DNA sequence: CCTTAAATACAGACTGGTTGGTATCTTTCA
DNA sequence: TGAAAGATACCAACCAGTCTGTATTTAAGG
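Residue numbers (our numbering), protein chains in the order written: chain D, 9 to 195; chain Y, 9 to 195.
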């Protein structure tokens, strides 16, 4: 870890690396494995370095979750921009973003971390707010109970993907995706 | 904690209490709050007592999850016994048990703990096995993609319920239940 | 039935290791 | 040169787990 003196200083990159390593640790070894020391080691930085960027471990975790939700927001809005039909637009974007990510990576970057965040009451609040905001913003076009059910099914698929690597059953994602999207038009 | 000498010894009840307290702690304060000391204190027992009943902390957690899945199995089989129609029977039982529990308790006994178990890779395997077993056993009557989607939606509702207490949006459960059950018949 | 001894069910202090966090120093860059 | 970036050493708190001791049950023998 004495290497960081020699390499060119890129604080923004170090910060990102710390966030990524924390997320990866949570994903691969569980939330309990996300210790400050472990994150530092994975990122090739010492504790002094980490605490220079983040005031506390909680700040680091909060940063990871904030990053996660921010990226999710951006992806959803990008998907919505391509959709000309107002009705169910948000739901389609939600389904698309969710399932496409599950299909691309055999281990979703977010899924495990997102689930982890649900176990910690403080982070639960952040996540709950995110959902409440999204629902309220698009209530007029996506308030239909059928659309709500479609989104719930996408969440369920998200959940199932968590268990995929451990031998859990996995639905046919492309077929599920097509079915859910079709339901948003017939509603 | 010197009280346990005076009170009548009921090892089976103490064991149950320890399991319940561990589950409650995970639910209300997050998985990180489930320390051996905290569980002991909540159960009115010292560490010596806890480690008399459980060989390790992991054994305690495993016991909690095993209890959870066992009860879930029993509830599902009871619901299936009342259903005369073979096709989709398992899915209907799954939906019924899941949503009825969510509707009864404002904070489901299992939900948080079940989610917590997903963050720990070792417990993830147990849960994945449970799902795989259930799916394989009832593949003939409940293998239809529509039924699968119905179960996923129930899982999604389960997830949403976790966020309910923190201000998250909550679907109309009775309506959702009716809709999902109806879909198992038209499939 | 009463006594007694083994087995069970806990109490409570203690330990080695790990945790998040801090204080201080060194290097790099503008 | 001065401020940012990071290293190193260190600490108090806390963790799971162990050890030894004590009270309570249980069961056998008389």
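For every residue, glycine included, the Cβ atom is placed at its ideal position computed from N, Cα and C.
The structure displayed is predicted, hence computed values, not measured ones.
- For residue 33(D) against residue 58(D), the beta-carbon gap comes to about 13 Å, at or over 8 Å, which does not count as contact.
- Residues of the stretch 131–146 of chain D that bring their beta carbon within less than 7 Å of a beta carbon in chain Y comprise 132, 133, 135, 136, 137, 139, 140 and 143, in sequence order.
- Take the alpha-carbon of residue 97(Y) and the one of residue 91(Y): they are about 6 Å apart.
- Look at residue 18(D) here: in three-state DSSP terms it is coil, with no helix or strand label.
- Assignment of residue 64(Y) by DSSP, reduced to helix, strand and coil, places it in the coil class.
- Taking 7 Å as the cut-off, the beta carbon of residue 125(D) is found closer than this to the beta carbon of residue 135(D).
- With its beta carbon less than 7 Å from one in chain Y, residue 127(D) belongs to the interface.
- Using a Cβ-Cβ cut-off of 9 Å, residue 184(D) is close to 153, 156, 157 and 160 of chain Y, given in chain order.
- A Cβ-Cβ separation of about 12 Å leaves residue 35(D) out of contact with residue 169(D) under the 8 Å criterion.
- Looking from the CA of residue 107(Y), the closest CA among 151(Y), 69(Y), 159(Y) and 193(Y) belongs to 159(Y).
- By the Cβ neighbour-count rule, residue 156(Y) is buried, with 16 or more other Cβ atoms within 10 Å of its own.
- Counting other Cβ atoms within 10 Å of its Cβ, residue 185(D) reaches 16 or more and is therefore classed as buried.
- Cβ-Cβ distances below 7 Å link residue 76(Y) to 118, 121 and 122 in the same chain, with the five nearest sequence neighbours on each side left out; the list follows chain order.
- Scanning the stretch 105–188 of chain D for uninterrupted alpha helix (DSSP H) segments of 4 residues or longer gives 119–127, 129–145, 147–150 and 153–172, listed from N- to C-terminal end.
- For residue 44(D), the enclosing alpha helix (DSSP H) starts and ends at 44–51.
- Taking a 10 Å sphere around the C-beta of residue 128(D), we find 16 or more other C-beta atoms and assign the residue as buried.
- A Cβ of chain D is located within less than 7 Å of the beta carbon of residue 176(Y).
- For residue 103(D), the three-state secondary structure derived from DSSP is helix.
- Distance from the CA of residue 182(D) to the CA of residue 165(D), rounded to the nearest whole angstrom, comes to 12 Å.
- Of the candidates 66(Y), 139(Y) and 41(Y), the residue whose Cα lies closest to the Cα of residue 84(Y) is 139(Y).
- Pairing residue 87(D) with residue 161(D), the inter-Cα distance amounts to about 19 Å.
- Put simply, the backbone Cα of residue 61(D) is about 13 Å away from that of residue 70(D).
- For residue 190(Y) and residue 172(Y), the gap between their C-alpha atoms comes out near 25 Å.
- The three-state secondary structure of residue 55(Y), taken from DSSP, is helix.
- The DSSP-derived three-state label of residue 91(D) is coil.
- Under the 10 Å beta carbon count, residue 151(Y) is surrounded by fewer than 16 other beta carbons and is classified as exposed.
- Collapsing the DSSP output to three states places residue 71(Y) in a helix.
- Contacts with chain Y at 7 Å (Cβ-Cβ) do not include residue 92(D).
- Residue contact check for residue 163(D) against chain Y: a CB pair falls below 7 Å.
- Using a Cβ-Cβ cut-off of 8 Å, residue 180(D) is close to 153 of chain Y, given in chain order.
- Around the C-beta of residue 101(D), 16 or more other C-beta atoms lie within 10 Å, and the residue is accordingly described as buried.
- The beta carbon of residue 176(D) is closer than 8 Å to those of 168 and 170 in its chain, skipping five residues each way along the sequence.
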